[in-house]
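*Asks:*
Numbering (this note's numbering), first residue to last: 3 to 214.
#1: By alpha-carbon positions, which one of 69, 93, 70 ends up nearest to residue 26?
#2: If we count the other Cβ atoms within 10 Å of its Cβ and call it buried at 16 or more, is residue 150 buried or exposed?
#3: What does the Cβ neighbour count give for residue 121, buried or exposed, with the cut at 16 atoms within 10 Å?
#4: What's the gap between the Cα of residue 97 and the Cα of residue 87?
#5: Relative to the alpha-carbon of residue 187, which residue among 118, 60, 195 has its alpha-carbon at the smallest distance?
#6: Given that a residue counts as buried once 16 or more other Cβ atoms are within 10 Å of its Cβ, and exposed if not, what is residue 23?
#7: State the beta-bridge partners of residue 179 as determined by DSSP.
#8: Helix, strand or coil: how does DSSP classify residue 141 here?
#9: Are the stretch 110-128 and the stretch 68-83 touching by the rule of at least three beta carbon pairs closer than 8 angstroms?
#10: Could you tell me the alpha carbon to alpha carbon distance between residue 90 and residue 34, rounded to whole angstroms?
#11: Is there contact between the stretch 119-135 and the stretch 153-173, where contact requires at least three CB pairs shorter than 8 angstroms?
#12: If you draw a straight line from the C-alpha of residue 190 to the C-alpha of residue 104, how long is it?
#13: Can you tell me the Cβ-Cβ gap for residue 136 and residue 99, rounded? I've got them flagged as a contact below 8 angstroms.
#14: Can you tell me whether residue 138 is buried or exposed, with buried defined as 16 or more other CB within 10 angstroms of its CB?
#15: Helix, strand or coil for residue 50? Go by DSSP, reduced to three states.
#16: Terminal residues of the continuous alpha helix (DSSP H) containing residue 97?
#17: Measuring CB to CB, does residue 116 end up less than 8 angstroms from residue 42?
#18: Is residue 46 buried or exposed, if buried means 16 or more other CB atoms sit within 10 Å of its CB?
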């Protein structure tokens with residue numbers, strides 16, 4: 003795990019040629035939907051660069067089921083074509099573990115371009131024990147590392163929903179770069195986040211790295 007300090011500046015120099023064929027899937031979290039937080043803002047920024055992007059709609063977000071979410075992610079992603087290194091995932095909160103569960107269900111020969119995991123976790127949450135079914139079994143971390151080329155976890159030290167230490171543990175488990183912010187809470191609209199440039203810039207860096 004590489005810690006990237008909060009004041010780390012990411013370059014956004016980017017040409018349209020870098021994004022040819024890239025597909026970005028944004029995965030919301032518990033009791034959320036595609037229109038919350040910064041999801042639609044991110045879609046707009048990516049589409050503005052001619053990058054395909056959409057927020058997936060997952061069933062019963064107020065009472066989520068792990069297998070149903072995995073099936074929903076699979077159906078929507080595979081409906082657009084085969085998975086390859088041009089496919090990237092951005093996930094928030096519960097959407098992070100749901101995305102990783104989907105990835106570990108893939109054949110080990112599949113390769114994915116990258117994941118950006120915001121306020122993610124892979125252990126039981128003290129604040130939301132009703133989500134424990136998502137973390138009952140350990141993640142297949144070695145398989146995830148094999149499939150996903152670039153991995154980043156973002157967390158804020160003042161997150162009161164997913165403790166900072168749990169996001170740090172996730173980053174260590176999957177050997178992801180870890181971007182730590184002193185402030186940001188759970189990176190939700192109620193925390194003041196209708197936009198999240200850090201995620202956008204991180205994603206562009208992954209796409210660029212895969213095409214260099």
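Here a beta-carbon is modelled for each residue, glycine too, at the ideal position from N, C-alpha and C. On a predicted model such as this, the values are computed, not experimentally measured, just so you know.
*Replies:* Quick answer:
#1: 93
#2: buried
#3: buried
#4: 20 angstroms
#5: 195
#6: exposed
#7: 154
#8: coil
#9: no
#10: 20 angstroms
#11: yes
#12: 23 angstroms
#13: 5 angstroms
#14: exposed
#15: coil
#16: 96-106
#17: no
#18: exposed
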